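Residue numbers (our numbering): 116 to 294.
A short worksheet on the structure shown next.
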Amino acid sequence: MPTRRELLLDAAIDLLGTRGSRALTHRAVDDAAGMPAGSASNYFRTRDALLAALAERLEERDHADWTALSRMPAPTTVEQLVSAAATFVGHAVTTDRARTMARYALFLEAQADGPRDAVRRGRGRLTEWAAEQLRGVGADDAVAPILVDYLDGLILHGIVAPDFDPRPGLERMVAALLD
């Protein structure tokens, strides 16, 4: 069962992802979480504090998802890797769209140390997870940050063009990275 703080942060993530940065106020978070006025500001006194905590929660939720995905066997063929990456991109732009939009909005808001550190930490964990997946097809760990950058671009493209098929580009990119 999520704590009140986690409920507020989950509401903030959804709010940021669905309505954008300007809509992210303490009062709007209270309303979105169904909590009394002043609840968010009781936990997070400033906008920077709210953004830092939101970034931490986003990173925590992402890490939980990657941990769950890691329980599945790592791909052992290029086709399995491409399929897994395409599924990851598809999930990010459909099922997990609000969280993805919140992440991109947070990238733009991450000027303060708290949000910036959490964004970097999340990026590091994603890169580590990608390296684990790539090892199954014999790729060097140095390939992981390149693939993660490419996936970021695909996800951003998929946000604005939901019918976009990432598979052809992924096939070419993975082949080039493993060559």
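For every residue, glycine included, the Cβ atom is placed at its ideal position computed from N, Cα and C.
Predicted model, so just to flag it, every value in this text is computed and none were measured.
Express the C-alpha separation of Leu131 and Ala296 in angstroms, rounding to a whole number. Residue coverage of the chain in this structure runs from 116 to 294, which leaves residue 296 outside it and unanswerable.
On the three-state DSSP scale, how would you describe Val252? coil
Who are the Cβ neighbours of Ile270 in its own chain at under 8 Å, not counting the five residues just before and after it? Val204, Ala207, Val208, Thr215
Could you have a look at Arg160 and say whether DSSP puts it in helix, strand or coil? coil
Just verifying my parser: in three-state terms, what is the DSSP assignment at Arg195? In the sequence on display, residue 195 carries Gln and not Arg. DSSP places Gln195 in helix when its eight states are reduced to three.
Considering only the alpha carbon of each residue, which of Ala290, Thr242, Asp294, Ala164 lies closest to Leu221? Ala164
Where does Ala183 land, buried or exposed, given buried means 16+ other C-beta within 10 angstroms? exposed
Determine the DSSP secondary structure at Pro188, reduced to helix, strand or coil. coil
Please confirm if the stretch 146-155 is in contact with the stretch 169-177, defined as three or more CB-CB distances below 8 Å between the two stretches. no
Where Pro281 falls: helix, strand or coil (DSSP): coil
Would a C-beta distance cut-off of 7 Å place Leu293 and Ala254 closer than the cut-off? yes
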